Structure formats: C-alpha cells, structure tokens
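Residue numbers (my numbering), protein chains in the order written: chain A, 1 to 357; chain B, 358 to 714.
Think of the CB as a built atom: it goes at the ideal place given N, C-alpha and C, for glycine as much as any other residue.
The model shown is predicted, which means the values in this text are computed figures rather than measured ones.
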C-alpha cells in the first residue's frame with residue numbers, strides 16, 4: 001500500500017480544512033487531482049475549494065471509513081489530528097506523511113528527543129509530569145526557562161515563562177498541569193525555518209531558509225532569504241534533511257531553528273506545510289503546497305529553486321481592515337482564506353511582496 | 358448598479374465553467390470571494406472549485422434569475438455566451454466586462470470595424486453575407502485571403518483559406534454559408550498578444566506582450582517577452598489601451614496582433630482572460646486571473662510587472678501522456694484542468710517554465 005501512486009483524476013483526502021488545507025486543495029486541483037476534506041467544522045475554509053467535505057468528529061469510525069473509501073491517499077494539514085483517527089485510516093489507505101511524523105510533531109518531548117538522538121543541537125530540556133519533576137528540571141536547567149505542554153501547543157499557546165525559581169508553581173498552573181517539557185531559554189539572534197520536502201523514494205529538497213519574526217507568539221513576517229552565512233545555511237538545510245529522513249517523512253515539513261552565536265539550535269518541527277513557507281507561492285515555480293501534493297501523490301518532487309527575494313506578512317485579526325490600503329499597494333500580492341469571522345489572533349490571510357535586491 | 362464594489366465574502370458569478378473559469382475561481386478564492394458558476398455542462402471543470410454550479414441552458418430565464426440572485430457581480434470566461442442571457446442578467450446585476458465588449462468580441466466584423474474606427478492598422482476586410490459579396494470582396498482584397506465566420510470561431514474553426522479566385526464557392530461552403538468576413542492574408546513575421554486589464558474607474562494596465570506560436574490553428578506556446586523593438590512594444594500596449602478604453606471594458610482582455618515589416622496589424626480581441634496570458638501565473642505577482650477578479654470586483658488593479666522571462670506550453674489532447682516526463686522535468690510547472698476525458702485538440706493543461714536569460 002505504501003507504493004500507491006496517484007494519477008490525475010484520483011482524489012486526495014485531507015484531514016483538516018483550515019487555510020493550509022485550502023491552499024493544498026488548490027494545488028491539488030492544479031495538478032488534476034480531486035480533493036476531499038475531513039473536518040468537524042462545517043465552515044472549514046478548505047471545503048469551499050474541495051469536491052467533498054465530510055463533516056464529522058474525529059472519533060466517528062463510520063465517517064472515517066466512508067472518507068477513506070472515496071480517496072486514494074490521505075494527508076493532513078495540521079499536526080493535532082488524533083492519532084487514533086489516523087491509525088484507523090492507515091489501515092485502509094496510505095497516510096502520508098506517516099504516523100511517526102504525526103506522533104513526533106504532536107509531542108514536544110518526542111521531537112526534542114529525536115533531535116538530540118540525531119546529534120543536532122537543541123536547548124536543554126527535561127520532561128515534566130508533575131511539580132517534583134519541574135523542581136528537579138529547574139535545578140538542572142536553571143532560569144529563565146519555558147514550560148510548555150507536550151501536546152496541542154501552537155502560536156505560543158500552552159506556554160509559561162519561568163523567570164525565577166519561585167515561579168514554578170504558577171507556571172505549572174498556567175499550563176494546566178498537563179504533561180509538559182521544560183526548556184532552557186535560548187539566547188538567539190534570529191529564528192529561521194527550513195521548508196523541506198521528501199518524496200516517496202527518499203529524495204529530499206529544501207527551500208531557502210527564511211527568517212521569521214513573531215509578535216505575541218504568532219508568526220508575523222517571514223523574510224527570504226534569511227541573513228545566514230553560507231555555512232549556517234548549509235547546516236540548516238542538512239539538519240532538515242536528516243530529520244525528514246529519520247522520520248521516513250513523505251511530504252513537506254517545516255523545521256524551525258534558532259540562530260545563536262554558537263550555531264543553530266533546532267527548535268521544533270511541523271510535519272506539514274507551514275505558515276513560514278507561504279512565500280514560496282510568489283518566489284518559486286513549485287510552491288510548498290504543490291510540493292506536498294507531489295510528494296504524497298508519489299510523484300517526483302519539483303524544484304525548490306527560489307527565483308526572487310520575498311517577504312511574507314500575515315494578516316491577523318483586524319489586519320484585514322487594512323484591505324483597501326493593501327489592494328492599492330502595487331508591491332502587495334494578497335491571499336485571503338475565506339474566513340467569514342474575524343477574531344483577534346485569527347490568521348485571516350497573508351500578503352507577499354517581492355523584495356528588490 | 359455600475360458602482361457595485363465587492364467585499365470579501367461576496368460572491369462572483371462566472372458564466373462558463375471551463376478552465377478559464379476554473380482559474381478565475383481559484384483567483385477569486387485567494388481574494389476571499391465566493392464563486393458561483395453558470396454552465397450547461399454538468400462536468401464543467403470550474404464547478405469543482407466553486408461553491409455553487411447552476412447547470413442549466415443559456416435560455417433558461419428562471420435559472421439565470423436564480424443565478425443572479427445569489428451573486429453580486431457577473432463576469433464571463435468565454436465570449437460566446439449568448440447576448441440574450443447576458444442582457445437578462447444585466448438587468449439584475451452588474452455584468453463586467455459589459456455587453457459592448459461581449460458583442461464586439463463575438464463578431465469579427467464588429468471588432469475589425471472598431472479597430473479601423475480607432476485608426477489602428479487592420480488587414481483589409483469586407484463583410485460577406487452571400488456568394489455575391491464574396492466575389493466582390495475577393496475582387497477588392499485579392500488572394501490569398503481567408504473567409505471566416507463572423508461568429509463562434511475559435512482555435513481556427515470556421516475558417517477557410519482562399520488561394521485562388523475559383524476557390525470562393527468551396528470556401529463559402531466550408532464556412533457553412535454563415536455570415537462571414539473576408540480578410541486579406543497578412544504577411545507577418547510573428548503573432549504577439551497583449552493581456553490588458555481595465556478597472557472600473559478607467560485605469561488600464563498591460564502585461565508585457567508575449568509571442569504566440571500556433572499549430573493547426575491552436576495556440577501551442579507563448580514566449581515572454583516577445584522579440585519586439587521598444588517602439589513596437591509601446592505601439593502594442595497603446596493599441597490595447599485604446600481598445601479597452603473605447604469599449605469601456607472592465608476586466609482583462611487579450612488583444613492579438615501581427616508583427617509585419619510595416620508595423621503591427623491588430624488581429625482580434627478576446628474580451629476575457631486569455632490562453633496567451635497563462636504565463637502571468639509564473640512571471641507576475643498578480644496574474645491575469647487575479648487581475649480580472651480585481652477589476653470586475655471594482656477593486657484597484659494590481660501591478661502587471663513581470664519579474665521573470667517565461668515560456669508557456671499548452672498540453673493538448675494526448676500531450677498529457679507526457680505527464681511522467683513533465684513531472685520529472687525540473688524546469689516545468691504543471692497546471693492541469695481536471696478534465697476527465699482526453700480528446701484530440703482539447704486543451705488539457707499547460708506547463709510554464711522560467712527562461713534563463
């Protein structure tokens with residue numbers, strides 16, 4: 001089953017119907033593939049661009065089976081799809097990327113452990129399952145440190161910074177007393193990410209690293225190319241290639257890294273297309289969405305060559321009120337996600353701009 | 358009604374659901390707009406990417422009214438939409454481009470007459486409504502000449518070449534004795550087209566002219582930039598601007614021209630997005646599809662700046678059998694139209710490639 005290769009006219013199943021699923025759906029359409037979305041949300045933005053939407057909970061075995069029967073390959077657009085649902089599907093259809101990528105991407109402890117096993121530089125970390133673990137970990141790692149839930153953290157959620165040893169109890173409460181990981185704070189000069197793809201036969205391509213700028217824990221901008229030395233750029237790409245290969249990953253992955261005076265520190269992975277790769281829409285002939293579809297379809301990967309310098313800006317919440325100004329801006333390429341409701345912190349769209357060198 | 362401006366969440370109605378409608382639907386989605394397709398074909402490729410498809414004949418007044426009620430603005434993706442249908446819709450909703458562009462684009466005589474009225478160079482032409490007209494026209498224009506039906510001609514259909522005066526009867530039979538136009542054959546060195554857009558407030562932008570290469574009457578390749586002198590390039594763009602302005606056109610238009618030793622000859626217009634503008638997907642931040650949507654939405658036009666040299670190749674009929682090779686080609690960006698059935702002469706997709714300067 002792992003050898004299934006899609007043909008035009010076949011249907012790709014996508015778990016999750018957010019904006020990433022929506023952009024995947026358009027890329028799949030451009031490659032002549034049909035798309036079916038599985039998402040419990042009746043207003044899933046991707047459903048508008050898909051030929052089918054199964055709207056059911058993640059634990060609905062009958063709906064999952066019905067979904068599997070109408071698609072030839074399954075992929076996912078977010079890493080918090082319940083593993084049990086993917087296990088059910090994997091018994092019926094190839095799921096790409098596989099369960100190992102998904103499980104690792106869901107668990108900060110598993111991903112940090114993988115990086116360490118591969119000999120990649122990581123921040124000091126320790127598993128925290130209770131107040132005693134936290135005390136011990138703080139003793140070893142010191143302050144400042146960040147306590148993060150192992151699961152379901154994204155865009156800065158499920159995190160608490162510990163500035164002094166007496167902050168442990170408050171942090172433990174702030175993360176909801178959930179299984180967590182304590183990480184030493186990294187003194188970094190920049191955050192970069194590598195968008196990498198791996199094909200069914202093991203080939204890996206990497207897009208140029210971009211530099212990410214966050215505000216209140218949410219990605220605000222990605223600038224490409226990142227200001228890396230050739231040596232660090234190579235290091236970043238090689239680290240990404242090793243991670244995808246170690247996981248036998250099939251598809252696109254975002255690998256986030258910190259740049260420090262001592263070199264790169266691998267921070268985390270997202271086993272899917274990634275917000276920091278939206279610049280590829282404008283800067284590359286084959287963008288991350290098409291690349292992911294090619295990979296999970298079992299097709300040869302496309303080139304990851306970058307033909308322009310690009311800056312990507314997220315439109316978050318009320319940023320969409322700037323629409324008239326953005327439409328008048330001759331440097332801006334707009335991409336909206338079709339979300340009816342604007343909420344603070346909600347990603348509503350993005351703008352890409354060519355940077356003049 | 359002509360002042361209606363769309364807002365994200367509004368719905369654009371598209372008459373015709375072929376590949377051009379499909380690409381318009383994706384562009385509209387990227388701008389946060391919904392799309393509803395009207396097409397009598399239940400397998401219309403655009404329907405897969407739209408949130409609604411009204412599948413009814415062009416003379417179904419009730420269906421047209423139902424369509425109009427669910428959209429805020431109507432546009433079209435092919436110029437052979439019956440004028441009567443558009444007149445019905447125009448009474449209910451803004452139709453952009455308007456009836457004048459549509460009627461002119463449907464009638465070779467009307468378009469040639471417009472070009473001549475604007476003082477633009479055209480091939481010698483004459484209306485032919487019967488054998489006597491044809492004899493008289495041949496006497497004036499001479500041979501070789503081409504007899505073309507005034508209406509419903511595209512991709513070389515409805516045309517007959519007359520090499521000698523005694524070929525008149527056969528040509529008249531070949532075009533089905535339909536109202537026609539006789540055109541003198543132009544001795545040209547190249548065919549170029551200008552993809553131009555005009556906004557609701559009268560601004561015009563033009564993409565760089567591309568050079569078109571045909572095989573058996575069907576566009577095979579477009580190469581951008583065309584090999585024009587700066588003077589001819591300017592002449593081409595100015596001619597396009599004058600035509601769009603004269604028609605009070607709102608939206609994108611393709612203007613085809615011949616390059617001759619004596620200058621440009623305006624050949625024909627398509628009052629819609631155009632096959633020879635597909636290169637803009639890869640070569641411009643805002644492609645022709647997004648540009649058209651911006652124009653008909655009443656939004657400011659985007660830049661038509663070209664940031665790369667591009668070659669576009671149509672995939673026609675059995676060309677899709679080359680898919681494995683195309684997918685392995687690191688220079689090729691593939692775009693398929695989701696058509697289930699391959700037929701000779703049918704446009705199945707296209708490939709764009711960055712050209713290295």
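Which residue from B:570, B:534, B:469 puts its Cα closest to that of residue 671 of chain B?
Ranking B:570, B:534, B:469 by Cα distance to residue 671 of chain B puts B:570 first.
Interface residues of chain B around residue 48 of chain A at Cβ under 8 Å?
Under the 8 Å cutoff, chain B gives 386, 391, 408.
Could you spell out the range, first to last residue, of the alpha helix (DSSP H) harbouring residue 115 of chain A?
It spans 108 to 117 - the alpha helix (DSSP H) in which residue 115 of chain A sits, taken as one unbroken run.
Closer than 7 Å by beta-carbon distance: list the chain B residues that pair up with residue 308 of chain A, in chain order.
The contacting residues are 664.
According to the Cβ coordinates, are residue 395 of chain B and residue 377 of chain B closer than 7 Å?
Taking 7 Å as the Cβ cut-off, residue 395 of chain B and residue 377 of chain B do not qualify as a contacting pair.
Assess contact between the region 495 to 515 of chain B and the region 537 to 551 of chain B, defined as three or more Cβ pairs (one per stretch) separated by less than 8 Å. Is contact present?
As far as the Cβ criterion goes, the region 495 to 515 of chain B touches the region 537 to 551 of chain B, which means the pair count is three or higher.
Which runs of the beta strand (DSSP E), 3 residues or longer, sit entirely within the region 233 to 276 of chain A?
Qualifying beta strand (DSSP E) stretches, in chain order: 251 to 260, 263 to 270.
Alpha helix (DSSP H) containing residue 458 of chain B: first to last residue?
From DSSP, the alpha helix (DSSP H) with residue 458 of chain B extends over 456 to 462.
Considering only the beta carbon of each residue, do residue 649 of chain B and residue 608 of chain B sit closer than 7 Å?
For residue 649 of chain B and residue 608 of chain B, yes; Cβs fall inside 7 Å.
List the residues of chain C whose Cβ lies closer than 7 Å to the Cβ of residue 334 of chain A, in chain order.
The chain inventory of the structure shown lacks chain C, comprising the protein chains A and B.
Could you tell me the boundaries of the beta strand (DSSP E) in which residue 482 of chain B lies?
Start and end: 482 to 485.
Could you tell me which residues DSSP pairs with residue 563 of chain B in its beta bridges?
In the DSSP output, where bridge partners are listed per residue, residue 563 of chain B has B:553.
Answer with yes or no whether the minimum CB distance from residue 373 of chain B to chain A is below 7 Å.
So no, residue 373 of chain B is outside the interface.
Spatial neighbours of residue 190 of chain A within its chain, please: CB distance less than 6 Å, with the 5 preceding and 5 following residues excluded, ordered by chain position.
So the qualifying residues of the chain are 211, 259.
Using a Cβ-Cβ cut-off of 6 Å (strictly less than) and excluding sequence neighbours within five positions of residue 242 of chain A, which residues of its own chain qualify?
Correct list, in chain order: 118.
Is there at least one Cβ from chain A nearer than 7 Å to residue 685 of chain B's Cβ?
Closer than 7 Å: yes.
I'd like to confirm the pairing. Which residues does DSSP put opposite residue 309 of chain A in its beta bridges?
According to DSSP, residue 309 of chain A bridges with A:355.
Residue 660 of chain B: beta carbon under 6 Å from a heavy atom of the ligand ADP?
No copy of the ligand ADP occurs in the structure displayed, which carries no ligand at all.
What residues from chain B crowd round residue 354 of chain A, counting only those whose CB sits closer than 8 Å?
Correct list: 642, 664.
Are the beta-carbon atoms belonging to residue 71 of chain A and residue 11 of chain A less than 7 Å from one another?
It is a contact, given that the beta carbons lie within the stated cut-off.
Taking the beta strand (DSSP E) that residue 581 of chain B belongs to, which residues open and close that run?
Unbroken beta strand (DSSP E) run through residue 581 of chain B: 575 to 581.
Using CA coordinates, which residue listed in A:198, A:351, A:18 is at the minimum distance from residue 42 of chain A?
For residue 42 of chain A, the nearest C-alpha among the options comes from A:18.
So residue 695 of chain B contacts chain A; which residues on that side make the cut at Cβ distance below 7 Å?
Going along chain A in sequence order, the residues near residue 695 of chain B (Cβ under 7 Å) are 29, 32.
Compare the C-beta of residue 639 of chain B with all C-beta atoms of chain A and state if any pair is closer than 7 Å.
Chain A contact via Cβ: present.
Could you tell me the distance, in whole angstroms, from the CA atom of residue 318 of chain A to the CA atom of residue 342 of chain A?
Rounded to the nearest angstrom, the two C-alpha atoms are 7 Å apart.
Excluding the 5 residues flanking residue 468 of chain B on each side, which residues of the same chain have their C-beta closer than 8 Å to its C-beta?
Counting only Cβ-Cβ distances below 8 Å, and skipping sequence neighbours, we find 461, 462, 625, 626.
Check each residue of the region 551 to 566 of chain B: if its Cβ is closer than 8 Å to any Cβ of chain A, include it; give the result in chain order.
Correct list: empty, as no residue qualifies.
Mind reading off the beta-carbon distance from residue 387 of chain B to residue 370 of chain B? Whole number of angstroms is fine, and I expect it under 8 Å.
That belief does not hold up - the Cβ atoms of residue 387 of chain B and residue 370 of chain B are roughly 18 Å apart, past 8 Å.
Bridge partners for residue 742 of chain B per DSSP, in chain order?
The displayed coordinates of chain B run from 358 to 714. Any statement about residue 742 of chain B would go beyond what the structure contains.
Ends of the alpha helix (DSSP H) at residue 19 of chain A?
First-last of the alpha helix (DSSP H) with residue 19 of chain A: 19 to 30.
Can you check whether the CB of residue 667 of chain B is closer than 7 Å to the CB of residue 709 of chain B?
Result yes, Cβ atoms of residue 709 of chain B and residue 667 of chain B sit closer than 7 Å.
When burial is assigned at 16 or more other CB atoms within 10 Å of the CB, is residue 704 of chain B buried or exposed?
Buried, since its Cβ has 16 or more Cβ neighbours within 10 Å.
Can you have a look at residue 362 of chain B and say buried or exposed, based on whether 16 or more other CB atoms are within 10 angstroms of its CB?
When all chains shown are included, residue 362 of chain B counts as exposed.
Of all the CB atoms in chain A, is at least one closer than 7 Å to the CB of residue 383 of chain B?
Interface residue, yes.
Measure the alpha-carbon distance for residue 470 of chain B versus residue 453 of chain B and round it to whole angstroms.
Taking the straight line joining both Cα atoms gives about 22 Å.
Using a Cβ-Cβ cut-off of 8 Å (strictly less than) and excluding sequence neighbours within five positions of residue 365 of chain B, which residues of its own chain qualify?
Cβ within range, chain order: 388, 389, 390.
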